[in-house]
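Novice:
In the working numbering, the protein residues as written are 8 to 202.
1) Rank 174, 148, 194, 169 by C-alpha distance to the C-alpha of residue 106 and give the top, closest one.
2) Between residue 124 and residue 97, is the Cβ-Cβ spacing less than 7 Å?
3) Quick check: the region 126-134 against the region 163-172, are at least 3 beta-carbon pairs closer than 8 Å?
4) Cα separation between residue 65 and residue 122?
5) Which residues in the same chain as residue 196 place their Cβ atom closer than 6 Å to its Cβ, once the five residues preceding and following it in sequence are excluded?
6) If you follow the beta strand (DSSP E) that residue 121 is part of, which residue opens it and which one closes it?
7) When you compare only the Cα positions, how much space is there between residue 132 and residue 158?
8) Just the Cα atoms here: how many angstroms apart are residue 139 and residue 152?
Encoded structure:
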């Protein structure tokens with residue numbers, strides 16, 4: 008009988024040990040699953056905040072930009088046909104522009120250099136003479152731009168069209184012209200960084 012009780016005790020101890028091992032394995036499996044789920048949630052949240060997921064806004068903005076761009080191209084073609092042309096001259100609007108975007112999730116900025124193209128020495132002189140007013144007006148316009156629009160090619164093209172209009176308008180206002188002498192034909196990025 009003494010042997011039977013020792014064997015029973017050994018079996019009971021083995022059963023208790025296997026129950027402990029099973030419960031430890033269950034705890035480890037639950038912990039691993041929880042860690043995987045938590046990691047997935049963190050990755051998803053990070054992607055949401057980094058990319059912004061504003062695709063609907065971007066699509067509607069792109070459509071508006073395309074319509075405005077087509078209208079601008081038609082107007083420019085009409086103007087080009089009526090005027091005799093000289094050689095193009097380029098003028099840099101130094102120093103670099105640095106613009107910060109209003110984004111609640113993350114600090115974003117854009118740094119770029121601009122050159123404008125004209126065919127008139129007089130226009131270059133006017134730009135130099137009124138450079139503080141030109142830059143101020145451009146900075147106000149740049150402050151209204153959205154990060155999403157500036158990450159697309161169409162958004163950048165539209166901004167260059169707006170720069171051309173704004174420089175012409177500012178020069179004409181400062182020089183007292185009626186707007187008929189606006190001679191800046193195009194604007195170009197010579198460097199561009201957005202973050």
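Where a beta carbon is used, it is the ideal one built from N, C-alpha and C, also for glycine.
Note that the structure is a prediction, hence the values are computed from the model and not measured.
Specialist: Taking the definition as stated:
1) Walking along the chain shown from the start, residue 106 turns up at place 99. Residue 148 is the option with its Cα nearest to residue 106.
2) Reading the chain shown from its first residue, position 117 is the one you call residue 124. Reading the chain shown from its first residue, position 90 is the one you call residue 97. Yes, these two residues count as a Cβ contact at 7 Å.
3) no
4) By 1-based counting over the chain shown, the position of residue 65 is 58. By 1-based counting over the chain shown, the position of residue 122 is 115. Because the pLDDT at residue 65 is just 49, under 50, the model does not fix this residue reliably, and the point stays unresolved.
5) Locating residue 196 in the chain shown gives position 189, where the first residue counts as 1. Excluding residues within five positions, the ones whose Cβ falls inside 6 Å are 119.
6) Translated into the one-based positions of the chain shown, residue 121 becomes position 114. Segment 115-125, the beta strand (DSSP E) holding residue 121.
7) Here residue 132 refers to the residue found at position 125 when the chain shown is read from its first residue. Here residue 158 refers to the residue found at position 151 when the chain shown is read from its first residue. Those two C-alpha atoms are separated by around 33 Å.
8) Taking the chain shown and counting its residues from 1, the one referred to as residue 139 is at position 132. Taking the chain shown and counting its residues from 1, the one referred to as residue 152 is at position 145. Roughly 20 Å between the two C-alpha positions.
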